Amino acid sequence: MQVFKLCLRVLKKNIPSLLIYVVIFLAISLIMALAHTNEQEDALFSPSKSNIAFLSAEETPLVRGLKEELGKVANFVELPDDAEALQDALFFREVSYILRVPEGFSERFMNGEQVQLEKTIVPDSFSNAYLDLKIDQYLNSARLYVEQIEDLSQESLVQYLKSDLSADTPVELKTNGVKAADHVYTNYYFNYLAYSMLAVLILGTSALMLVYHDQDLQRRNACSPLSPGSFNRQFFLAILVFTGLTWFLMVIFCFLFNFKNLVNINAVFFVANSFVFAVCAAGISFLVGNMVKSESSIPAVCNVLTLGLAFISGVFVPAELLGSSVLKVASFTPTYWYVAANNRIAALASFNYASLQPVFSAMLIQAGFALAFIAIALVLGKKRRLE
Amino acid sequence: MIVRVKNLVKRYGELLALDHLSFTVNDGEVFGLLGPNGSGKTTAINCILSLLEYDKGEVEIFGRPMRPDAYDIKREIGIVMQNVAVYNELTVYENIDYFCGLYVEDKKLRKRLVEEAINFVGLKDFKGYYPKKLSGGLLRRLNIACGIAHKPKLIILDEPTVAVDPQSRYKILEGILELNRLGATVIYTSHYMEEVEQICSRIMIIDKGRAIATGTKDELKAMITLGEKITVESQHITPGQLNRLRALPHVMEAEYKNKQLVIKSGKGANNLEAVLDFIKKEKIQYGKIYSELPTLNDVFLEITGKQLRD
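These protein sequence lines are chains A and B, in that order.
The first sequence begins at 1 in my numbering and counts up one residue at a time.
The second sequence begins at 388 in my numbering and counts up one residue at a time.
Here's what the structure looks like:
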């Protein structure tokens, strides 16, 4: 196993540069993954209040009740009842909603007549929809009481409405009885793995391939009693072991920091997908290693290739933000299918054939890419040896 | 007989690199392949080692035909390539251990052999160094150590002293003689005639892929008519004096150039004495006068009509 040991020694010599990449890549992966996790948490629902000018021509219990209810979803801004002042306030976004209660509104409402409130809003302001809903909810509920109970006083009506509208309905999301794990971090981590793992594999494998293709060393080795078959077997075994170790190290790192979210079936698919991608990355690295001709060109090729693939495939920028033409080009790369599979795995709630089929398809496509890269690399390698 | 090469022909397209080359190397000799750059020395070595396919001919080593898969033969051969072939990622020790390990599986034996090789080439103080940290001479020594660590019966050294300082060259040549004394048969290629003269027991001069002369250095020198070269440093020699000198018996050629009178004499005694008598008689003023026996370059020059280093 002289050649195998030789390869390990060559890799060992390159460990400092590889480790720098591993550490930096993993740190960036962690930071970015955590940052995205926080973003995701912030994006969860939290109520916000719109600014509203409430102008009422009367002070009745019904109007007070309405104002009190709106106070839960709006901030009241005091404005003079002057057309110009109100327009300025809307223009400068001091308020986004002006509600005017006309004279005699409460009395006519209690009598069951059709009445309307006047509103002036900032055009296309989506926050006003919530206020509209709240006003509709309040008045529709009030209308129900007025129509059903005779001689209902405004005070009683407001009490009923206050009691009804304060009731909350707790909602619990359940997925097939399994406690839903947080796959956001895992999803981002495994997506970033496409960049870091590919970079490390290209750097390591290219260093090995440069040694392999050194003509003087090749001739020297050919003079020895070691058959070319045995030499090649040991060499490729070393590449496989290196690939396996890199993959294992990077996956284990995720488990160390995110264990609680990885004890589920989704994690198994994340790991399986990353393994298929590792094989594919080994194929790419093998191909790159057969093409580079000097040590100095390795980092440049590595950076261009890994960053390029990562950018167009949705590793750094979510695929939803990329143009359709970019995604079309990206679909000719294995990274795209790896990221697509990861995103699907993260969204998996049930594990039947229909939901898993796209994941398996993406994995198969990656495996196909791996075979193609290895085949091209073997052809190029043979051509280079014969030169 | 250790190596037998018969009618070896190798073409690179239109170029005939080896032209029916035949020679034998006997057990225990240091066989020199001498020829100018591009004469076919390295091609011949590559064909002998089955690194190159040849068009015609036979190569036998240890009495068996040499083929790319003749691993039992390869096990007994040590090769020191013209270009240094070591791994920059491995230290001096690791490089020798790697190449020795291709031949010797036993770890204990290998450790001993590697240590011996390191001591042999004088790299004891550089064991942990990486090749990039070594000077050209030390690198060549490492190259040799990698080739001979497994104690082969036949050692082939292809121009091992190219671009090496005189001190390292001396060590390398001494080492090769020592290996030969320890029982190894050596094939040594070079275009440095002094080296070949110094260490080779038998020499083959090669040019344009053809063997033009083979023998010991004395046998080779005996093949030519030149017996002695006398050089006289003088400020002035007239054309008449030069003509009279050329008329002397045994003088084959006399030329006056750059204030140096070079007289080539044929084989025979008292050549120098005859020249000294002539100088005295002609009252020629001179600074230095010295005589040289023919070199392999003279042999090459006389046979091919060109200098060995052309």
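Virtual Cβ for every residue (Gly too), placed ideally from N, Cα, C.
In this text, all values refer to a predicted model and were calculated from it rather than measured experimentally.
Residue i versus residue j: straight-line alpha-carbon distance, rounded
i, j, result
"B/L565", "B/L541", "According to the sequence as given, residue 565 of chain B is Glu; it is not Leu. Taking the straight line joining both Cα atoms gives about 14 Å."
"B/S621", "B/M610", "32 Å"
"A/S297", "A/L203", "10 Å"
"B/C434", "B/Y441", "6 Å"
"A/F360", "A/L18", "31 Å"
"A/V379", "A/F231", "18 Å"
"B/T576", "B/L420", "4 Å"
"A/E147", "A/S166", "21 Å"
"B/G523", "A/L371", "44 Å"
"B/I617", "B/P423", "25 Å"
"A/Q116", "A/S350", "49 Å"
"B/L663", "B/G425", "42 Å"
"B/M580", "A/I374", "50 Å"
"A/S127", "A/S96", "8 Å"
"A/Q218", "B/R499", "26 Å"
"B/A600", "B/I690", "9 Å"
"B/Q554", "B/L525", "10 Å"
"A/R100", "A/L321", "42 Å"
"A/A201", "B/R462", "Checking the displayed sequence, the identity of residue 201 of chain A turns out to be Leu instead of Ala. Computed Cα separation, rounded: 35 Å."
"A/F164", "A/Q87", "It is worth fixing the name first, because residue 164 of chain A is Asp in this sequence and not Phe. Whole-angstrom Cα-Cα distance: 35 Å."
"A/A238", "B/N470", "27 Å"
"B/E476", "B/L544", "24 Å"
"B/V551", "B/L529", "13 Å"
"A/L161", "A/L55", "21 Å"
"A/N343", "A/P318", "10 Å"
Secondary structure of residue i, DSSP reduced to three states
i, result
"B/A550", "coil"
"B/E640", "strand"
"B/N413", "coil"
"A/F373", "helix"
"A/G177", "Summary for A/G177: the model assigns pLDDT 49, below 50, so the residue's position carries little reliability; its value from the coordinates is reported in the next sentence. Correct three-state label for A/G177: coil."
"A/V158", "helix"
"A/F332", "coil"
"B/R398", "strand"
"B/G570", "coil"
"A/S17", "helix"
"A/V200", "helix"
"B/H578", "coil"
"A/L90", "helix"
"A/H213", "helix"
"A/P358", "helix"
"B/K646", "coil"
"A/K72", "coil"
"A/A167", "coil"
"B/L489", "coil"
Integer Cβ distance of residue i from residue j, believed to fall under 8 Å
i, j, result
"A/E393", "A/Y138", "Past the edges of chain A, shown from 1 to 387, lies residue 393 of chain A, and the structure says nothing about it."
"A/P102", "A/A57", "6 Å"
"B/N413", "B/M388", "6 Å"
"A/H183", "A/R384", "Their Cβ separation, rounded to whole angstroms, is 43 Å, which puts A/H183 and A/R384 out of contact at 8 Å."
"B/C533", "B/I574", "Incorrect: roughly 17 Å between the Cβ atoms, too far for contact."
Exposure of residue i, with buried meaning 16 or more beta-carbon neighbours within 10 Å
i, result
"A/A74", "buried"
"B/Q628", "buried"
"A/G177", "Below a pLDDT of 50, predicted positions are generally treated as unreliable, and A/G177, at 49, falls in that range; no measurement from the model is reported."
"A/D168", "exposed"
"A/I144", "First, the residue type needs correcting, since residue 144 of chain A is Leu and not Ile in the sequence shown. With fewer than 16 other Cβ atoms within 10 Å, it is exposed."
"A/E295", "exposed"
"B/I505", "buried"
"B/I466", "buried"
"B/Y443", "Contrary to the premise, residue 443 of chain B reads as Lys rather than Tyr in this sequence. Its Cβ having fewer than 16 others within 10 Å, B/K443 is exposed."
"A/G368", "exposed"
"B/N645", "exposed"
"A/S285", "buried"
"A/I28", "exposed"
"A/E172", "exposed"
"B/I593", "buried"
"B/P626", "exposed"
For this session: Mind checking the stretch 438-470 of chain B against chain A and listing, in chain order, the residues whose C-beta falls within less than 8 Å of any C-beta there?
Result: L438, P455, D456, Y458, D459, K461, R462, I464, I466, M468, N470
For this session: Taking a Cβ distance cut-off of 7 Å, strictly less, list which residues of the stretch 480-505 of chain B are near chain A, in chain order.
Result: E481, Y485, G488, L489, Y490
For this session: Return the residues of the stretch 201-216 of chain A that lie within a Cβ-Cβ distance of less than 9 Å from chain B, sorted by chain order.
Result: A207, V211, D214, Q215, D216
For this session: Name, going along the chain, the residues of the stretch 227-250 of chain A whose beta-carbon falls closer than 8 Å to a beta-carbon of chain B.
Result: S227
Problem set entry | Residues, ordered as in the chain, of the stretch 547-576 of chain B that lie near chain A by beta-carbon distance below 9 Å | none
Problem set entry | Members of the stretch 6-32 of chain A near chain B, C-beta cut-off 9 Å | L6, R9, V10, L11, K12, K13, N14
Exercise. Between the stretch 361-372 of chain A and chain B, which residues of the former have a C-beta closer than 9 Å to a C-beta of the latter?
Worked result: none
Problem set entry | Contacting positions in the stretch 508-533 of chain B - beta carbon closer than 7 Å to chain A | none
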